[in-house]
Amino acid sequence: MKSFDHKAILITLVIAVASFFIVDLALSSTQFDAALMLAVGIIIGGVISQFLKSDTQQEKQSNLSTTTLYVGNLPYRANEHVVRELFEEQGQVFSVRLLKDKNTGKRRGFGFVEMSKQDAEKAITQLNEREFQQRTLKVREAKQKPEGEMDHSPA
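Written out as structure tokens, the structure is:
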């Protein structure tokens, strides 16, 4: 569960107040209600803060080295949410993909979890050979497919 980013809230408030004054100065010759100008200022501030937030998130992710883990022998009833929760105990999880059979739509009992390199090493140590929902997990670094190789799994 994500917590509030107090710095982002503070920046949003500062931008909203600054935007209010900018709008007030720009539209001082017209007869707009103060509440309307405040609303416009908040909207402008929110839009600007979202741009700033997305830039910092992309910067953080680009600075992080990630590793994809193969997770085998998963219970067929396990879904992405429970697997994510299990791996988040070991660190930050960027993505979870559990594979399904193309014909039946049923889970195939394995998948991939993308984590930071440091957290992935911890996850391998802590979760490989660990019992999870009455199955013994197999966790290791995933092998990368060579460029251009097609998936030749049986249809």
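Take 80 as the starting number for the sequence shown in the working numbering and just add one per residue. Glycine included, each C-beta is placed from N, C-alpha and C at the ideal position. Fair warning: this is a prediction, and the values are worked out from it, not measured in the lab.
Proximity of residue i and residue j at Cβ, strictly below 8 Å
i	j	result
Asn158	Leu177	yes
Met194	Val162	no
Ala221	Leu148	yes
Val150	Val96	no
Lys196	Thr146	yes
Ile127	Ile101	no
Ala202	Gln223	no
Coil, strand or helix - residue i by DSSP
i	result
Arg209	coil
Arg219	strand
Gly124	helix
Ile90	helix
Where residue i falls, given that 16 or more other Cβ within 10 Å makes a residue buried
i	result
Asp198	buried
Gly124	buried
Phe99	buried
Gly190	buried
Ile88	exposed
Thr91	buried
Gly120	buried
Gly104	Contrary to the premise, residue 104 reads as Leu rather than Gly in this sequence. Exposed, because fewer than 16 other Cβ atoms sit within 10 Å of the Cβ of Leu104.
Leu115	exposed
Fully enclosed by the stretch 148 to 216, which alpha helix (DSSP H) runs are 4 residues long or longer? If we require 4 residues or more, the alpha helix (DSSP H) runs fully inside the stretch 148 to 216 come out as 159 to 167 and 196 to 206.
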